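Beneath this line is the structure, given in structure tokens, with notes to follow.
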Amino acid sequence: MNEKIKIEQSNSPQTWNNLFALGASKSIYFHYDFISSLDCPFRNYLIYKNNELIAGFTSTLNANEDSIIDHEFSIYSGFYFSERHNKKINKKRIERIEVINHVLEEIGAKYNNINFTLSPDIEDIRPFQWFNYNEESFKFSSNIFYTSFLDLTKS
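One gets this note's numbering by counting positions in the sequence shown from 1 and adding 1178 to each.
This is the structure:
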């Protein structure tokens, strides 16, 4: 089966929030209302696999819109994945790596500098470490900080 990944920029609050509703992590930092309230330009990208919405990538931009930047009020940015209950865990990991690789190729060609902070939902940073590994071109550097989720419904 040929599974095709497609990335498209989206300015639609409804489509982005549909993805938000599909995600396991309901972090406010990925909700369209929060992203659009920031005082800087932003881009949301939707990622489809076989025409199914499976992930998104959100980024805040500098004033020239040529670099992805961290915003002081947004703790997390970058990738947001839908919950894929129909996939086994190893298939989910492989799919996430594929998605991340596709997005990195796309944004790597568009922006001069790229800086974002992943949510704790992203457990595997190998795609960032391996990006352009054997090439002399752009590579990512990582600063790893740890955080956790606290389930308040069980307290």
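Note that the Cβ used here is the ideal one computed from N, Cα and C, for glycine as well. Computed from a predicted model, the values in this text were never measured in an experiment.
8 Å Cβ cutoff met for residue i and residue j
i: Leu1282; j: Phe1259; result: no
i: Ser1203; j: Asp1299; result: yes
i: Phe1220; j: Thr1238; result: yes
i: Val1277; j: Ile1232; result: yes
i: Glu1250; j: Leu1200; result: no
i: Ile1225; j: Ile1285; result: no
i: Glu1273; j: Lys1265; result: yes
Candidates the options: closest to residue i by CA position
i: Ile1292; options: Ile1300, Pro1298, Phe1306; result: Phe1306
i: Tyr1324; options: Thr1295, Arg1304, Lys1317; result: Thr1295
i: Glu1301; options: Glu1284, Ile1322, Ser1205; result: Ile1322
i: Asn1196; options: Lys1182, Asn1222, Leu1330; result: Asn1222
i: Arg1304; options: Ser1297, Glu1313, Ser1320; result: Ser1320
i: Phe1316; options: Asp1329, Lys1288, Ser1326, Leu1328; result: Lys1288
i: Ala1241; options: His1263, Glu1313, Asn1290; result: Asn1290
i: Ser1297; options: Tyr1254, Leu1330, Asn1189; result: Tyr1254
i: Asn1189; options: Lys1182, Tyr1210, Phe1198, Ser1205; result: Tyr1210
Residue i, buried or exposed, once every other Cβ within 10 Å from all chains shown has been counted against 16
i: Tyr1207; result: buried
i: Leu1235; result: Correcting the residue type first, residue 1235 is Phe in the shown sequence and not Leu. So Phe1235 ends up on the buried side.
i: His1263; result: exposed
i: Asn1180; result: Confidence at Asn1180 is low in this model, with a pLDDT of 48, below 50, so the placement of that residue should be treated as unreliable; the coordinate-derived value is given next. Per the 10 Å Cβ criterion, exposed.
Backbone secondary structure at residue i - three-state DSSP
i: Lys1204; result: coil
i: Leu1328; result: coil
i: Phe1318; result: coil
Neighbour flag for residue i against chain B, beta carbons, 8 Å
i: Phe1235; result: Checking the listed chains, one finds no chain B in this structure; it contains a single protein chain.
* Which runs of the alpha helix (DSSP H) spanning at least 4 residues fall entirely within the segment 1262-1309, listed in chain order? -> 1267-1288, 1304-1308
* Within the segment 1189-1236, note down every full alpha helix (DSSP H) run reaching 4 residues or more, in order along the chain. => 1191-1200, 1210-1215
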